[in-house]
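Worksheet for the structure shown next.
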Amino acid sequence: VQLQASGGGLVQAGGSLRLSCAASGSIRSINDMGWYRQAPGKQRELVARITRGGSTNYVDSITGRFTISRDNAKNTVYLEMNSLKPEDTAVYYCNADVVGLRFESYYWGQGTLVTVSS
């Protein structure tokens, strides 16, 4: 199983970006999917998670600005980021709880860099 993240880049404060993360491989189903981020010198933190049924939870610092969604048919999770701030600068990682052919496990994507300039 592989998770491929894309959509990061350089954007000015107040701008928007949309991240995507597609899972591929021997997948029966995917339970929770999520986005985490790691800023320079800081620990990786949860940004948002979404269940297979669409229930979501967000870290307080991005509530109202970011929206997580998923397409179960495409095994893909998205993160729509609006009103970006310089403090949102980080490497963003996707994560998924994947039920494979023989076992269930969590997988991480490779990370995509988001840089917000002031």
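For the sequence shown, counting from 1, position 39 maps to 43 in our numbering; every step adds exactly one. No residue lacks a Cβ here, since even glycine has one placed at the ideal position from N, Cα and C. Quick caveat, the model's predicted, so the values are computed rather than measured.
(message) Beta-carbon within less than 8 Å of Ile-31's beta-carbon, same chain only, minus the 5 sequence neighbours each way: which residues are those?
(response) Val-5, Asn-79, Val-102, Val-103 and Gly-104
(request) Along the beta strand (DSSP E) that carries Phe-70, what are the first and last residues, could you check? (result) 70-75
(request) Might you give, ordered along the chain, the residues of its own chain that have their beta carbon closer than 7 Å to the beta carbon of Gly-29, omitting 5 neighbours on each side? (result) Val-5 and Gln-6
(request) Give a yes or no on whether the C-beta atoms belonging to Asp-36 and Arg-53 are separated by under 8 Å. (result) yes
(request) Taking Phe-107 as the reference, give the member of Thr-67, Ser-33 and Val-120 with the closest Cα. (result) Ser-33
(message) Assuming the contact rule is C-beta atoms closer than 8 Å, Glu-49 and Val-63 should be a hit. Round their C-beta distance to whole Å, please.
(response) 7 Å
(request) Would you tell me roughly how many angstroms separate the C-alpha atoms of Gln-42 and Ala-94, rounded to the nearest one? (result) 5 Å
(request) Please work out which residues of its chain come closer than 6 Å, Cβ to Cβ, to Tyr-82, disregarding the five sequence neighbours upstream and downstream, and give them in chain order. (result) Ser-24 and Ser-73
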